[in-house]
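Novice:
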């Protein structure tokens, strides 16, 4: 009987040590995941509606969140400056209001520019048949950017539009 108890105690001790090791590994893993630095990101938007000429760039009057300085933006500006080379996820959304200036069928459209070149896959638009209509426009894209590059969003509607709370988020993902 003594021999069996001794083996069981050894088994229990081995199980306890294994569980402690597993818990330590789990704790270290969770700590490293939680303590990793947040990726660089910025979120900017407008409180007030913005009237935007055709070919004009959306200006963002408020920087809600800025984490790190990999991306910079001056409030009231259209330009988002990349300060660190990498891959960036850009997400944009807005509601566009068609003022009664045209009174005819119009496509309300915007797109993202990277150093004055259109980023394909970001041109979004909706056709309105009457004045006083609103449409929602949004896109998400990943862009490889170098230090000093400029990102901004352009009105491509061939008319003046009113933007209601445009919102942009840029996250450095690598």
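In this note's numbering, the protein residues as written are 61 to 234. Positions of the beta carbon are idealized from the N, C-alpha and C atoms, including for glycine.
#1: According to the neighbour-count rule (16 or more other Cβ atoms, all chains shown, within 10 Å of its Cβ), is residue 182 buried or exposed?
#2: Which residue marks the beginning of the beta strand (DSSP E) containing residue 110, and which one marks its end?
#3: When you compare the stretch 142 to 157 with the stretch 195 to 209, are there three or more beta-carbon pairs, one atom per stretch, that lie closer than 8 Å?
#4: Work out the CA separation of residue 232 and residue 322 for me, nearest whole Å.
#5: Which residues in the same chain have their Cβ closer than 8 Å to the Cβ of residue 234, if we skip the five residues on either side of it in sequence?
#6: In this structure, how does DSSP classify residue 179 when only helix, strand and coil are distinguished?
#7: Express the C-alpha separation of residue 119 and residue 172 in angstroms, rounding to a whole number.
#8: Quick one: is residue 106 buried, meaning 16 or more other Cβ sit within 10 Å of its Cβ, or exposed?
#9: I need the boundaries of the beta strand (DSSP E) containing residue 103, first residue and last residue.
#10: Threshold first: 3 residues or longer. Then list the beta strand (DSSP E) segments lying entirely within the stretch 114 to 142, N to C.
#11: Return the CA-CA distance between residue 102 and residue 188, expressed in angstroms with no decimal places.
#12: State buried or exposed for residue 104, treating a residue as buried only when at least 16 other CB atoms are found within 10 Å of its CB.
#13: Do you know offhand how far residue 113's Cα is from residue 215's?
#14: Confirm, please, whether the CB-CB distance from residue 111 to residue 184 is below 7 Å.
#15: How long is the line joining the alpha carbons of residue 196 and residue 154, rounded to whole angstroms?
#16: With a threshold of 7 Å on Cβ separation, who are the neighbours of residue 98 within its own chain once the five nearest residues in sequence on each side are excluded?
Specialist: So, to answer that:
#1: Locating residue 182 in the chain shown gives position 122, counting from the first residue. Buried.
#2: Locating residue 110 in the chain shown gives position 50, where the first residue counts as 1. 110 to 112 is the span of the beta strand (DSSP E), which, as asked, contains residue 110.
#3: yes
#4: This structure leaves residue 322 out entirely; the chain is present only between 61 and 234.
#5: Indexing the chain shown from 1 puts residue 234 at position 174. Correct list, in chain order: 146 and 147.
#6: Reading the chain shown from its first residue, position 119 is the one you call residue 179. Of the three classes helix, strand and coil, the one that applies to residue 179 here is coil, per DSSP.
#7: Residue mapping note: residue 172 aligns to position 112 of the chain shown, counting from 1. Residue mapping note: residue 119 aligns to position 59 of the chain shown, counting from 1. Residue 172 and residue 119: Cα-Cα distance of roughly 13 Å.
#8: Mapped onto the chain shown, residue 106 falls at position 46. Label assigned to residue 106: buried.
#9: Walking along the chain shown from the start, residue 103 turns up at place 43. That run of the beta strand (DSSP E) goes 101 to 105.
#10: 122 to 127, 131 to 133 and 140 to 142
#11: As a first step, residue 102 must be located in the chain shown, where it is residue number 42. As a first step, residue 188 must be located in the chain shown, where it is residue number 128. Roughly 32 Å separates the two Cα atoms.
#12: As a working mapping, residue 104 is identified with position 44 in the chain shown. Looking at its Cβ environment, which holds 16 or more other Cβ atoms inside 10 Å, residue 104 is buried.
#13: Within the chain shown, the letter at position 53 stands for residue 113. Within the chain shown, the letter at position 155 stands for residue 215. Their Cα atoms are separated by approximately 7 Å.
#14: Here residue 184 refers to the residue found at position 124 of the chain shown. Here residue 111 refers to the residue found at position 51 of the chain shown. No. Outside cutoff.
#15: Translated into the one-based positions of the chain shown, residue 196 becomes position 136. Translated into the one-based positions of the chain shown, residue 154 becomes position 94. In a straight line, the C-alpha of residue 196 is about 6 Å away from that of residue 154.
#16: Start at 1 with the first residue of the chain shown, and residue 98 comes out as number 38. Excluding residues within five positions, the ones whose Cβ falls inside 7 Å are 127.
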